[in-house]
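The structure appears below as structure tokens.
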Amino acid sequence: MTSSKFWVVFSCLILVANVLFNHYQAPMGMVLSPLVAALMTRLVMFYGPVWPPYLQTGLCAVLLALQDIGIKLTGGGSHDAEGQGFMNSMVLLGALLSLGFIAKALWGQKLVVWWLRLAALVVFTLLIWLHLELFNDLGEGLKFEL
6 MTSSKFWVVF
16 SCLILVANVL
26 FNHYQAPMGM
36 VLSPLVAALM
46 TRLVMFYGPV
56 WPPYLQTGLC
66 AVLLALQDIG
76 IKLTGGGSHD
86 AEGQGFMNSM
96 VLLGALLSLG
106 FIAKALWGQK
116 LVVWWLRLAA
126 LVVFTLLIWL
136 HLELFNDLGE
146 GLKFEL
């Protein structure tokens, strides 16, 4: 495995570790999720494979969406509307932190034309928006004993 692909796999392992941590130590996994999202994005964008910008940002959006889905479906405790709103705000905060890392990484790629970099930012934003629209109340009503 090449060094750049290692960081993508490592980001996936961080994702799984955060979801498991949230299952056993809720709500700390939710509180840490913006930092974990930013870390995964940083690893993929700065150390991951050199792919076209829209693929890199798409991978980052998928990682953030999987983190949200995993926490909403397996998080410990009872899942009510207040918890869903808190988790959605944590996802939004993580997406904003990630957007900053994505913008910094993309504007460092001088070989890519400016409109492709801008399009990649728009793709990331639209994918996160679509995820929040589709999975806004995913897992509401679930209850896991701590």
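Residues in the sequence shown are numbered consecutively from 6, following my numbering.
Glycine residues also receive a C-beta, built at the ideal position from the N, C-alpha and C atoms.
Would residue i and residue j be called neighbours here (beta carbons separated by less than 7 Å)?
i	j	result
residue 117	residue 53	no
residue 110	residue 50	yes
residue 99	residue 16	no
residue 80	residue 27	yes
residue 43	residue 69	no
Report the rounded CA-to-CA distance for residue i versus residue j, giving the unit in angstroms.
i	j	result
residue 89	residue 146	10 Å
residue 45	residue 101	13 Å
residue 124	residue 63	11 Å
residue 104	residue 126	7 Å
residue 137	residue 76	14 Å
residue 83	residue 148	4 Å
residue 29	residue 72	15 Å
residue 113	residue 119	11 Å
residue 129	residue 65	8 Å
residue 92	residue 67	17 Å
residue 139	residue 121	26 Å
residue 25	residue 115	39 Å
Buried or exposed for residue i, going by 16 or more other Cβ atoms inside 10 Å?
i	result
residue 142	exposed
residue 135	exposed
residue 20	buried
residue 152	Residue 152 lies beyond the range of the chain shown here (6 to 151); nothing can be said about it.
residue 86	exposed
residue 55	exposed
residue 131	exposed
residue 144	buried
residue 96	buried
residue 106	buried
Determine the extent of the alpha helix (DSSP H) in which residue i is found, giving its start and end residues.
i	result
residue 27	8 to 29
residue 37	33 to 47
residue 99	86 to 112
residue 78	58 to 79
residue 138	119 to 139
Given 8 Å as the limit, is there contact between the region 26 to 39 and the region 54 to 61, that is, 3 or more CB pairs closer than that? Proximity of the region 26 to 39 to the region 54 to 61 falls short of the contact definition, fewer than three beta-carbon pairs being nearer than 8 Å.
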